[in-house]
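Below you'll find the structure, written out as structure tokens, and then a few comments.
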Amino acid sequence: MAPILLLLSAICHLIVIVGLTLRPTDFLIGTEPQLSFNRTDLHSASLDFGKMTSIEPTAVLHPSSAADVAKIIKLAYESGHGFVVSARGHGHSINGQSQAANGVVVQMSGSSGAPVAPVVSEKLMYVDVWGGELWIDVLKSTLQYGLAPKSWTDYLYLSVGGTLSNAGISGQAFNHGPQISNVHEVDVVTGKGEVVTCAENKNSELFHAVMGGLGQFGIITRARIALEASPQRVRWIRVLYSNFSVFTHDQEYLISLHGQPSSKKFDYVEGFVIVDEGLINNWRSSFFSPSNPVKISSIADGGNVLYCLEITKNYYNHSDPQSVDQEVDALLEKLNYIPASVFTTDLPYVEFLDRVHKAELKLRSKGLWDVPHPWLNLFVPKSRIADFDQGVFKGILGNKTSGPILIYPMNKNKWDVETSVVTPNEEVFYLVALLRSALQNGDEALTLERLSDENRQILKFCKDEKIEIKQYLPHYTTQEEWMDHYGEKWPQFYKRKMEFDPRHILATGQRIFEPSFISKMKSW
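The numbering of the sequence shown is the numbering used here, which starts it at 284 and goes up by one.
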């Protein structure tokens with residue numbers, strides 16, 4: 284690929300000298316197979332999981348190495364007019380964050396697999412992986428050595444670089460921290476086209492910038508992920524609550540055990556809100572007898588909302604079943620859930636981690652996966668979570684929903700404050716994730732317009748009530764909103780941008796910075 288990109292670079296320099304007004308990306312058209320102008324590729328790169336925004340790039344790069352990524356970014360950086368470059372993994376963004384108008388999308392994940400196979404170090408307990416590798420494939424690779432990453436996302440068909448650019452959270456975060464707290468080092472291609480290896484003690488400014496940096500400072504082409512001995516099985520438990528304060532008290536108690544030995548704590552703590560009569564009856568095989576349907580109103584504490592605590596205990600094939608039972612029972616005895624609502628099952632560790640993919644396959648079979656997803660993810664401070672419950676779960680939301688509403692607490696001391704992520708300024712904060720799908724099934728309450736309006740109402744409620752939330756997987760449309768989002772971190776964020784991507788080439792779909800060459804683009 285080197286000759287064609289050198290030629291392109293020379294052409295762009297010629298454009299500057301001669302003063303031609305053609306777009307630099309017009310000169311990307313060539314015979315290089317890794318740089319695609321295929322309509323199918325362009326259309327695919329214009330879409331994402333959110334299905335609410337569609338912007339086609341000029342070209343799609345299918346890199347075979349970090350050097351390919353560096354060359355295309357260096358070309359954009361050094362060209363007189365410039366063009367934008369965005370990395371795309373599995374395309375799971377919601378609001379077009381990985382799209383590149385009049386630019387190049389670097390397709391890091393692809394059907395042909397990663398250009399570099401994962402390399403596992405059993406001795407040092409880590410795995411080196413390509414930035415576009417999907418977490419499901421990372422898991423498969425490490426399990427061959429009896430090892431696995433410590434921290435996960437609920438859905439494994441996401442790219443490593445994609446989740447590290449946000450944070451990467453699931454029910455293990457209270458104990459191990461987010462995925463960005465479990466990375467030893469990364470290779471990053473900056474907005475200048477430089478390939479830099481960085482870690483906590485090596486090029487640390489760039490390392491901290493890209494962790495949760497929303498792709499603003501570079502494209503992650505390799506990550507070294509911390510591993511642990513992999514469990515073989517999981518005891519998966521769900522219990523119901525009708526009282527919100529009791530529910531959150533128990534969740535907060537469980538995450539306070541993070542420093543205890545593994546026998547004295549659960550390995551995963553999540554939860555979700557049930558506001559839909561149909562939802563609980565669809566799950567009756569999990570919680571209740573199929574012959575005895577349950578209505579929320581029959582067990583809710585004077586309301587129409589229930590709360591489900593979801594917890595797991597990991598164990599090994601050689602573990603003593605009686606000891607596992609005793610450890611689980613000792614922990615459950617400290618909780619105050621509805622006694623008749625306990626559901627317990629045992630399953631392989633991999634099957635638990637990949638549980639959301641099973642739901643995906645079912646939704647795909649019903650044509651309910653490729654629909655708009657107006658998701659809203661919020662970090663809510665512990666001190667205001669009860670107010671959020673009253674105003675949102677028992678207020679703005681109706682009694683119908685079209686997707687999970689997750690809620691679970693995390694410990695702030697498991698997050699590195701030097702990274703680009705912002706969280707509430709309290710030692711414990713909650714993730715509230717409204718993971719809803721817009722459906723055109725005749726129900727007005729489930730349309731995209733209605734769900735989007737509810738999201739706006741939720742954000743307005745938090746602003747009016749001075750609940751100092753922070754968006755996770757944030758989406759804003761003006762730099763002023765981004766400055767408010769980052770707060771006291773904004774000067775550092777801006778300084779890092781000027782250092783590592785001074786022309787604002789990267790990840791423009793986030794709408795944080797306008798490309799420095801945008802005025803020239805508008806004149807074309």
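Heads up, the beta-carbon is just placed ideally off N, CA and C, and yes, glycines get one too.
Bear in mind the structure is a predicted one, so any value in this text is a computation, not a measurement.
- Contact check for Thr791 and Ala383: beta-carbon distance about 7 angstroms, within the 8 angstroms limit, so the pair qualifies.
- DSSP places Asp603 in no alpha helix (DSSP H); its state is neither H nor E.
- Annotation: the segment 484-525 contains the following complete segments of the alpha helix (DSSP H) (minimum length 4 residues), in chain order: 487-493.
- Here the segment 602-611 does not lie against the segment 525-536, with fewer than 3 beta-carbon pairs under 8 angstroms apart.
- Ranked by Cα distance from Asn619, the first of Tyr590, Val607, Ala642 is Tyr590.
- Inter-segment contact for the segment 499-519 and the segment 727-742 is absent: fewer than three beta-carbon pairs are separated by less than 8 angstroms.
- With a cut-off of 8 angstroms on Cβ pairs, the segment 700-714 is in contact with the segment 656-663, counting three or more such pairs.
- With a 10 Å radius around the Cβ and a threshold of 16 neighbouring Cβ atoms, Gly650 comes out exposed.
- In this structure, Val633 sits away from Ala506, with a CB-CB distance that is not shorter than 7 angstroms.
- Using a C-beta cut-off of 8 angstroms, the segment 695-707 makes contact with the segment 456-466, since at least three inter-stretch Cβ pairs fall below that distance.
- By the Cβ rule, the segment 426-441 does not count as touching the segment 670-681, because fewer than three pairs are nearer than 8 angstroms.
- Excluding residues up to 5 positions away in sequence, Ala328, Pro340, Val343, Ser369, Arg371 lie with their Cβ nearer than 6 angstroms to the Cβ of Val388 in the same chain.
- Restricting attention to alpha helix (DSSP H) runs no shorter than 4 residues, the segment 744-800 encloses them at 762-769, 773-783, ordered along the chain.
- DSSP, reduced to helix, strand and coil, places His467 within a strand of the structure shown.
- Where Thr323 is concerned, the enclosing alpha helix (DSSP H) starts and stops at 322-328.
- Between Val478 and Leu489 the beta-carbon gap is near 11 angstroms, outside 8 angstroms, which marks them as no contact.
- Between the alpha carbons of Glu797 and Lys772 lies a distance of about 19 angstroms.
- Linking Val472 to Ser624 through their CA atoms gives a straight-line distance of about 51 angstroms.
- Judged by beta-carbon spacing, Gln740 lies within the 7 angstroms limit of Ile679, meaning their Cβ atoms are closer than that value.
- Taking one beta carbon from each stretch, the segment 691-699 and the segment 746-753 have fewer than 3 pairs nearer than 8 angstroms; the two do not touch.
- For Lys596, the three-state secondary structure derived from DSSP is strand.
- The DSSP-derived three-state label of Phe671 is helix.
- Check the Cα spacing between Val352 and each of Ser362, Leu330, Gln390, Ser546: the tightest is with Gln390.
- Listed in chain order, the non-local C-beta contacts of Leu330 below 8 angstroms within the same chain comprise Ser337, Gly374, local neighbours out to five positions each way being set aside.
- In the DSSP annotation of this structure, the continuous segment of the beta strand (DSSP E) that includes Phe555 starts and ends at 551-557.
- Annotated three-state conformation of Ile688 is strand, per DSSP.
- By the neighbour-count definition (other C-beta atoms within 10 Å, threshold 16), Met781 is an exposed residue.
- Scanning Asp533, Gly445, Gly496, His491 for the CA closest to the CA of Trp418 turns up Gly445.
- Note on geometry: alpha-carbon atoms of Lys423 and Ile690 lie some 29 angstroms from one another.
- Leaving aside the five residues that flank Ala509 on each side, the residues in its chain whose CB is nearer than 8 angstroms to its CB run, in chain order, Met408, Tyr409, Pro432, Lys433, Asn465, Val466, His467.
- As the crow flies, the alpha-carbon of Val403 is around 30 angstroms from that of Lys547.
- Annotation for Asn682: Val558, Asp559, Glu560, Asn587 place their beta carbon closer than 7 angstroms to its own, counting only its chain and skipping 5 residues before and after.
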